[in-house]
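All remarks here apply to the structure that follows.
There are 2 protein chains.
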Amino acid sequence: MMVTMKDVAALAGVSLITVSRVVNKSGYVGEVTRKKVEAAIEELQYVPNMLASNLRSQQSDLLALVLPDITNSFWTSIARGAEDEAWEQGYGVFICNTDNDPEKEDAYIQRLLQRRVEGVLLVPSPVRSTEAQIERLKQHGMKFVVIHRRLDGMVANVVRSDGEGAARTLTAELIGAGRTRPAFVGLSVSDPSSRERVKGFRDALRQAELPIDEAMIRFGEAVREPHGHRVVAELLAGEDRPDAILLANSRVALGGLRAIEEAGLHIPEDITVAAFHDISAMDIYAPRLITAVQPSYRMGQLAARRLLELRGGVDESYKEIILEPKISRWEDRARR
Amino acid sequence: MMVTMKDVAALAGVSLITVSRVVNKSGYVGEVTRKKVEAAIEELQYVPNMLASNLRSQQSDLLALVLPDITNSFWTSIARGAEDEAWEQGYGVFICNTDNDPEKEDAYIQRLLQRRVEGVLLVPSPVRSTEAQIERLKQHGMKFVVIHRRLDGMVANVVRSDGEGAARTLTAELIGAGRTRPAFVGLSVSDPSSRERVKGFRDALRQAELPIDEAMIRFGEAVREPHGHRVVAELLAGEDRPDAILLANSRVALGGLRAIEEAGLHIPEDITVAAFHDISAMDIYAPRLITAVQPSYRMGQLAARRLLELRGGVDESYKEIILEPKISRWEDRARR
DNA sequence: CGTGTTTCCGTAATCGTTGACGATCAGGGA
DNA sequence: TCCCTGATCGTCAACGATTACGGAAACACG
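Quick mapping for you: the protein sequence lines, in order, are chains A and B.
Read in order, the letters of the first sequence correspond to residues 305 to 640 in the numbering used here.
Read in order, the letters of the second sequence correspond to residues 305 to 640 in the numbering used here.
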C-alpha cells in the first residue's frame with residue numbers, strides 16, 4: 305500500500321541508501337543515478353516518512369507552543385510569529401491551549417515529551433510556580449524557551465517584553481499630561497504581568513514625587529466579565545476620584561472603559577487613560593488612549609528562533625531577550 | 305541517555321513486550337507483574353516514544369489544521385474548537401497558516417503527507433479550485449474534512465455554515481424592519497462565502513417582491529484596509545441611497561460602519577444595518593446591528609470529530625454537516 | 001482423564017529510515 | 001609504481017516501539 309524507499313530503490317535499480325541520499329541531498333550521488341532515482345520518486349509519487357526519519361535520526365521537525373488560549377488575540381499573535389519562523393526553518397508548530405489549568409499544562413507537557421518534539425515554547429500558567437515544569441523539561445533533555453513570563457534567576461531562555469518599563473512610561477505620560485492623581489487597575493495580584501506593571505506605576509509616581517495612594521491601586525480579579533468594570537466604577541464613584549487611570553491589562557481595560565463611559569466622563573478631556581493594548585477588541589478605543597502595544601508577533605518569532613538556535617546542543621548558556629512595547633500617544637496618531 | 309522500554313523491562317525483570325502491554329493496557333498482564341513494571345516506569349521516569357509507536361502501528365496521534373490565518377478571530381475560533389475536540393480524543397493539532405497562498409498550501413500538504421498525520425482539517429484557499437488538493441489527499445489515502453467551503457458534488461466530508469440562509473434571514477430582517485431598498489456589500493466576487501451570501505440576499509428580495517437593483521450590490525475587494533469603507537461611502541453618497549445595508553463580511557463591515565458614521569447617519573434610526581459578525585473587533589458595534597454569528601467553534605469541533613470518526617476506515621460515505629448561524633436582533637438583546 | 005478455553009508472558013519479525021563503515025574505481029602527486 | 005584522496009554506491013545494524021505467534025500454566029467441563 306504505502307510506497308517506501310525500498311520500492312523507489314527497486315524501480316530505480318539502486319540501493320535503498322542511495323534513495324535516501326537523493327532525498328536528503330546528503331553524501332555523494334552521481335548525476336545519472338540521481339536522475340534515475342528522481343524519476344522513480346516521481347513515478348511512484350513517493351513521499352518520505354518523517355516518522356521513520358525522525359525516529360532514526362533522533363530529532364523531530366515539530367515544535368510545540370504551550371499557551372493559555374489561542375482565542376485571545378495576544379497569544380494568537382505570538383502563535384503566528386512562532387509559526388512563521390518555524391515554517392521558515394522547516395518546522396511545524398503543535399499548539400497546546402492550557403486555559404491556565406495546571407493539570408492540562410502537565411498533561412500537555414507529558415504528551416510533548418512522548419512525541420519527542422524538538423522543543424517547547426512555553427507560556428507557563430501563572431497560578432503556580434513554573435519550577436516544577438522547567439525541572440521536568442530539563443530532566444528529559446527537552447529544549448525550551450519561556451515566553452512572556454519573568455523568571456527568578458537565569459535558569460532558562462526567556463523572551464518577554466518590558467512590562468515594567470512600559471507601565472512606567474505610560475504613567476509618566478499621564479503625569480506629563482498634567483494629571484496628579486492617577487489610579488492603577490490590574491488584573492490580579494497573582495498575575496505576574498500585573499505585578500511588574502504595578503511596580504512600574506509606583507516607580508513613575510515616585511520619580512515624579514507624587515504621593516502613592518494605595519486606594520488608587522486596584523485589581524479587577526474578583527469581578528467576572530468584563531473584568532475591571534466594577535473596580536473602575538468604584539474608583540470613579542469615590543469622593544476622591546482619580547484624574548487619570550492606567551489600565552494595566554486589556555481585559556480589565558474593556559470593562560474599565562465602559563465604566564468610564566457610563567460615568568459620563570469624556571476621554572481625554574475629563575480623564576486621561578493609558579492602557580496596555582494587547583487584544584484587537586481594543587482597537588476602537590485606542591485613538592483616545594495612551595497605549596502600550598506589546599510586540600507579541602515578534603516575541604513568538606524570536607522565541608522560535610532562539611529555540612531553534614539551541615539545536616546544536618552546545619550552547620548551554622541562557623539568554624533573556626527583552627523587547628520594548630510600543631507606546632502611542634494621540635499626538636503620534638494625529639500627526640499622520 | 306534515553307530511557308526505553310528495554311531499560312524498564314530489564315529493571316522490572318520482565319520482557320519488553322510486557323512493558324508495552326502495561327503501558328498500553330492491552331493484553332493480559334498479572335497484577336503483580338503490572339505493579340513491578342509500573343514501579344520501574346516510575347523509577348526510571350520512562351516516557352514512551354510516540355514516534356516509534358506511530359511508526360510501527362501505522363497511525364499518528366496528530367491532526368493538521370490548514371487555514372488562512374490564525375490571527376483572524378474567525379479562524380482562531382475554529383482552531384480552538386478543533387483543538388479541544390482533538391485533545392479530548394488524545395490527539396494534537398498541527399496548525400498551518402496558508403495566508404491563502406496556494407503555494408504555501410501545497411507545501412504544507414506535502415509536509416503533512418510526509419509527517420503521516422492522522423488526518424487534515426482543510427480550509428481551502430479560495431483563489432483556486434480545490435480539486436487538485438483533494439485528489440492529492442485521496443490518492444495518498446489521507447483522511448480529511450473540508451471546513452467552511454462549499455464543494456460541488458458530494459466529493460468529500462464538509463462542515464460549513466449556512467451562509468446563504470443566514471444572508472436570506474438577515475435581508476428579510478432588514479425588510480421586516482420596514483426597509484425597501486437594501487444594499488449588499490461583500491468581500492469579493494471571487495470569495496466563495498460572498499457568492500453564496502449574495503445569493504441569499506437576492507432570494508430574500510425576490511421573496512419580498514422587491515426590485516433587485518444591481519447598483520446596490522457591491523464588493524469591497526479592490527479597496528485596501530479597511531475593506532468596504534469606500535464602497536459604502538459611495539453607496540451613501542449616491543443620489544438614490546440605500547435605506548439598509550447587509551455587510552456580508554466582518555472585514556468589510558468594519559470599514560463600512562466607519563463610512564456610515566462619517567456620513568453622519570445613525571444606526572438603526574437612519575439606516576438599518578445587518579452584518580456577519582465573525583471577528584471580535586465587531587463586538588462594539590453589535591448592539592446596534594442585526595447580526596449573524598457563525599458557529600465557528602462548533603464547526604472546528606465537529607470537523608475534528610468527523611475526521612476522527614473516519615479512523616476505522618470502513619466509512620467511505622461523505623457527509624455534509626451544515627450549521628445554522630445565530631441571528632441576533634436588538635430586541636433579542638434588549639429583552640435580557 | 002482428555003480436551004478446550006482463558007490467562008499470562010515471551011521470541012522473532014517488522015515499521016521506514018538513517019548512521020557507521022566498507023568496497024570500488026578514477027585521478028593525482030611523490 | 002605506490003599511496004592517498006575524493007567520488008560513488010552498497011551492506012548491515014540500529015532507532016524504539018508493536019504485531020503475530022507460540023508456549024505454558026490454570027481452570028472448566030463432560
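Every residue gets a Cβ at the ideal spot worked out from N, C-alpha and C, and that includes glycine.
Keep in mind it's a predicted model, so treat the numbers as computed, not measured.
- [ ] Mind listing, in chain order, the continuous alpha helix (DSSP H) runs of no fewer than 4 residues lying wholly within the region 345-425 of chain B?
- [x] 354-361, 377-392 and 406-419
Open item on the list: Does residue 624 of chain B come out as helix, strand or coil in the three-state DSSP assignment?
Closed with: In this structure, residue 624 of chain B counts as strand in the three-state DSSP scheme.
- [ ] Give the single residue among B/505, B/409 and B/603 whose Cα lies nearest to the Cα of residue 387 of chain B.
- [x] B/603
Task: Distance, residue 580 of chain A Cα to residue 515 of chain A Cα - done: 23 Å
TODO: Assign residue 484 of chain B to buried or exposed, taking buried as 16 or more other Cβ atoms, counted over all protein chains shown, within 10 Å of its Cβ.
DONE: exposed
Open item on the list: Could you give the first and the last residue of the continuous alpha helix (DSSP H) run that contains residue 328 of chain B?
Closed with: Element bounds for residue 328 of chain B: 320-328.
TODO: List the endpoints of the continuous beta strand (DSSP E) containing residue 576 of chain A.
DONE: 576-580
- [ ] Taking residue 546 of chain A as the query, report the chain B residues whose CB atoms sit under 9 Å from its CB, ordered along the chain.
- [x] Going along chain B, no residue has its Cβ under 9 Å from residue 546 of chain A, so there is no contact; the nearest lies around 24 Å.
Open item on the list: Would you say residue 640 of chain A lies against chain B (beta-carbon separation less than 9 Å)?
Closed with: Below a pLDDT of 50, predicted positions are generally treated as unreliable, and residue 640 of chain A, at 41, falls in that range; the measurement from the model is reported next regardless. So no, residue 640 of chain A is outside the interface.
Task: Closest residue to residue 427 of chain A among A/538, A/371 and A/343 (Cα-Cα distance) - done: In terms of Cα proximity to residue 427 of chain A, the closest of A/538, A/371 and A/343 is A/371.
Open item on the list: Starting from residue 595 of chain B, trace the beta strand (DSSP E) in both directions and tell me its first and last residue.
Closed with: 594-597
Task: residue 640 of chain B versus residue 634 of chain B - alpha carbon distance - done: At residue 640 of chain B, the pLDDT of 41 sits below 50, so the modelled position is not reliable and the matter cannot be decided from this model.
Open item on the list: Taking 8 Å as the cut-off, does the region 358-373 of chain B touch the region 418-436 of chain B (at least 3 CB pairs, one atom from each stretch)?
Closed with: yes
TODO: Assuming residue 470 of chain B contacts residue 596 of chain B (C-beta within less than 8 Å), just tell me the rounded distance between them.
DONE: 4 Å
Task: Bridge partners - residue 554 of chain B, DSSP secondary structure assignment - done: Looking at the DSSP assignment, residue 554 of chain B forms no beta bridge with any residue, so it has no partner.
Open item on the list: Nearest by alpha-carbon distance to residue 445 of chain A: which of B/587, B/449, B/350 and B/343 is it?
Closed with: B/350
- [ ] Would you check if there are 3 or more beta carbon pairs closer than 8 Å linking the region 389-401 of chain A to the region 619-627 of chain A?
- [x] no
TODO: Output the boundary residues of the beta strand (DSSP E) element that contains residue 496 of chain B.
DONE: Looking at the DSSP string, residue 496 of chain B is not in any beta strand (DSSP E); the run it does join, the alpha helix (DSSP H), is 496-511.
- [ ] Compare the C-alpha of residue 390 of chain B against each of B/613, B/322 and B/493 and name the closest.
- [x] B/613
Task: CB contact check: residue 396 of chain A to chain B, cutoff 9 Å - done: yes
- [ ] Identify the contact partners of residue 308 of chain A in chain B, using a Cβ-Cβ distance below 9 Å as the criterion.
- [x] Going along chain B, no residue has its Cβ under 9 Å from residue 308 of chain A, so there is no contact; the nearest lies around 12 Å.
Open item on the list: For residue 447 of chain B, list the residues DSSP reports as bridge partners.
Closed with: B/423
Open item on the list: Bridge partners for residue 464 of chain A per DSSP, in chain order?
Closed with: A/626
- [ ] Taking C-beta pairs closer than 7 Å, name the residues in chain A that residue 466 of chain B reaches, listed in chain order.
- [x] The premise fails here: residue 466 of chain B is roughly 24 Å from chain A at the closest Cβ pair, so nothing lies under 7 Å.
TODO: Specify whether the region 544-553 of chain B and the region 485-505 of chain B touch according to this definition: at least 3 beta carbon pairs, one from each stretch, less than 8 Å apart.
DONE: Counting Cβ pairs under 8 Å, three or more are found: they touch.
TODO: Check whether the Cβ atoms of residue 382 of chain B and residue 451 of chain B lie closer than 9 Å to each other.
DONE: Their beta carbons are under 9 Å apart, which means residue 382 of chain B touches residue 451 of chain B by this criterion.
- [ ] Indicate whether residue 626 of chain B and residue 466 of chain B have their beta-carbon atoms separated by less than 9 Å.
- [x] yes
Open item on the list: Just to confirm before moving on: does the CB-CB distance between residue 584 of chain A and residue 377 of chain A stay below 9 Å?
Closed with: yes
TODO: Starting from residue 607 of chain B, trace the alpha helix (DSSP H) both ways and give me its first and last residue.
DONE: 600-613
Task: Span separating the alpha-carbon of residue 431 of chain A from that of residue 600 of chain A - done: 21 Å
- [ ] On the DSSP bridge assignment, give the partners of residue 632 of chain B in chain order.
- [x] B/595
Task: Contact set between the region 571-593 of chain B and chain A, restricted to residues whose Cβ is under 8 Å from the partner - done: Of all residues in the region 571-593 of chain B, the ones placed with a Cβ closer than 8 Å to any Cβ belonging to chain A are 583, 584, 585, 587 and 588, in chain order.
Open item on the list: With a threshold of 9 Å between beta carbons, is residue 387 of chain B in contact with chain A?
Closed with: Yes, residue 387 of chain B counts as interfacial toward chain A.
Open item on the list: Is residue 370 of chain A close to chain B? Criterion is C-beta to C-beta, closer than 9 Å.
Closed with: Taking Cβ atoms only, chain B never reaches closer than 9 Å to residue 370 of chain A, which makes this a no.
Task: Residues that residue 325 of chain B contacts on chain A, provided the C-beta gap is smaller than 9 Å - done: By Cβ distance, chain A contributes nothing, its closest Cβ being about 17 Å from residue 325 of chain B, past 9 Å.
Task: Separation of residue 412 of chain B from residue 456 of chain A, as counted between CA atoms - done: C-alpha separation (whole angstroms): 39 Å.
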